[in-house]
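This is the structure we're talking about:
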């Protein structure tokens with residue numbers, strides 16, 4: 029696949045603008061609520077309303093992302109936010125904006141943010157080739173951290189100081205610019221694709237069956253995640269880590285701000301949290317280099333180490349400079365983790381399941397956050413903040429165990445190669461047996477009960493063609509090869525894919541020769557393995573039975 033550079037720039041620009049606006053919303057809505065009530069619980073309810081879609085709507089949004097053309101979905105999400113903020117600005121200007129309206133807008137904006145982020149992430153593998161996904165995710169994640177966490181909140185505070193209507197309209201304008209960037213710069217269609225793309229003008233096919241129900245599609249995504257050992261374990265690890273981080277965050281303000289042991293002012297506490305965002309930006313930018321140097325598995329280990337340091341430091345000391353440094357390195361490790369895990373999802377999940385499986389993994393991960401916050405509050409009340417920090421660090425330290433037996437570099441490599449190669453049996457056994465397999469259609473055997481007919485010199489032979497080679501051959505000018513591909517079955521093993529092609533051996537050989545161009549300078553190990561696998565299968569088919 030060639031990189032669609034212009035469209036990546038458009039997607040990246042729109043993502044940057046929408047995350048800037050999301051950062052503005054994080055501070056703008058609570059400050060507007062503060063002008064309506066001084067009750068801390070009611071003000072905190074704005075954040076609660078904005079984050080509730082992550083629990084209530086994540087799975088449904090995942091199904092939507094896998095049903096609807098994704099570029100249109102992101103544009104609609106941006107425009108809905110523009111409309112919602114426009115209504116809020118009118119209500120504020122007329123001094124008729126009750127607190128209930130703020131809650132409603134927070135929920136709508138949180139839902140639209142979820143839709144936009146999931147659909148934008150699902151579009152990325154269609155915009156950049158797989159070997160560039162790491163670099164692209166690094167840019168996207170560093171941009172999100174910088175604008176959503178580092179630039180947006182203080183800028184939102186300045187806008188609110190200029191007037192609540194000004195702040196709301198300014199935020200709406202940024203969302204409108206994001207929608208415009210998508211409309212002008214991202215011209216392609218990004219509907220969910222099957223694992224092996226078919227040609228643009230296929231042969232006429234019978235009418236497709238009715239679309240599966242939402243429940244059936246949702247179950248398919250959950251089943252894929254449950255049966256995939258690598259992605260399943262990563263989701264559980266995120267859940268534990270998110271719970272530990274949430275516990276740390278929930279009580280840090282009590283520990284840091286005077287009269288807490290660190291004795292910081294509110295402004296100094298904000299500066300401390302800025303080190304976390306700065307570390308996240310730099311970690312996201314460095315993720316590609318760290319992965320090339322250490323490998324994906326050890327990059328994830330680095331984040332566990334930095335998280336233990338960050339979470340455990342306040343349990344041992346109240347020195348501001350030590351906690352500032354460990355908070356920075358914790359953010360750095362978080363940036364490494366986010367880029368690495370999202371890139372693995374893009375490489376391991378079929379495009380037509382990307383929204384559902386990603387949403388399920390996010391829901392599991394985010395599910396640990398409220399649990400961690402509640403437990404932290406109870407423990408801080410009974411035993412003090414230092415106990416919370418120590419237990420959070422201990423919980424993260426337990427995450428070293430999966431790296432010993434489950435998440436190893438060889439299992440990660442085998443899983444990626446199984447997808448790229450397209451269902452080779454050895455690669456499937458190497459790491460993807462746990463992902464299950466879809467039921468294959470019955471292929472009727474060749475009729476050999478006609479003794480009165482002499483067997484043809486070059487009879488049709490059924491051979492599984494690795495998906496990487498099949499994708500290349502869709503562009504061939506050889507009509508015979510294209511006809512054979514059109515008549516082939518799409519085979520799913522684990523989450524890899526191949527084509528079960530029935531054709532004369534001479535045609536298989538011709539297809540193999542056309543794939544030889546893939547073996548030039550710069551070819552990957554996966555390409556060479558796919559070519560070798562297909563050659564071996566052809567040779568085995570030529571042997572007399």
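Residue numbers (our numbering): 29 to 573. Here a beta-carbon is modelled for each residue, glycine too, at the ideal position from N, C-alpha and C. Just so you know, these numbers come straight off a predicted model, no measurement behind them.
query                                                                                                                       : result
Distance, residue 272 Cα to residue 265 Cα                                                                                  : 11 Å
Buried versus exposed, by CB contacts within 10 Å (16 or more), residue 390                                                 : buried
Spatially closest choice to residue 299 from 248, 38, 538 and 181, by CA coordinates                                        : 181
Reduced DSSP category for residue 532 - H, G, I as helix; E, B as strand; rest coil                                         : strand
Status (buried if at least 16 other CB within 10 Å, exposed otherwise) for residue 488                                      : exposed
Close Cβ partners of residue 267 (< 7 Å) along its chain, the five nearest in sequence each way excluded                    : 392, 393, 395 and 396
Straight-line gap, residue 206 to residue 99 (C-alpha atoms, nearest Å)                                                     : 12 Å
Range covered by the beta strand (DSSP E) that runs through residue 488                                                     : 488-494
Residues near residue 65 in its chain [Cβ-Cβ closer than 8 Å; skip 5 each side]                                             : 71 and 127
Element boundaries [alpha helix (DSSP H), containing residue 430]                                                           : 428-433
Residue 24 vs residue 334 beta-carbon contact at 8 Å                                                                        : Only positions 29 to 573 of the chain appear in the structure, and residue 24 is not among them; the question remains open.
Rounded separation between residue 297 and residue 242 - CA only                                                            : 45 Å
Residue 303 beta carbon less than 8 Å from that of residue 355                                                              : yes
Residues of its chain near residue 27, where Cβ-Cβ distance is below 7 Å and the 5 sequence neighbours each way are ignored : Residue 27 cannot be examined here, being either before or after the span of the chain that is shown, 29 to 573.
Reduced DSSP secondary structure (H/G/I, E/B, other) of residue 402                                                         : helix
Integer-rounded CB distance, given that residue 120 should sit under 8 Å from residue 56                                    : Not quite, the Cβ-Cβ distance comes to about 11 Å (not below 8 Å), so this is no contact.
Whether residue 325 touches residue 431 by CB criterion (8 Å)                                                               : yes
Paired residues, beta bridge with residue 517 - DSSP                                                                        : 528
Given residue 412 as reference, the closest of 282, 345, 42 and 544 once Cα atoms are compared                              : 282
Residue 414 to residue 336 span [Cα, whole Å]                                                                               : 14 Å
Separation of residue 386 from residue 45, as counted between CA atoms                                                      : 23 Å
Residue span of the alpha helix (DSSP H) that contains residue 194, given as start and end                                  : 192-213
Distance, residue 492 Cα to residue 76 Cα                                                                                   : 52 Å
Residue span of the alpha helix (DSSP H) that contains residue 246, given as start and end                                  : 242-255
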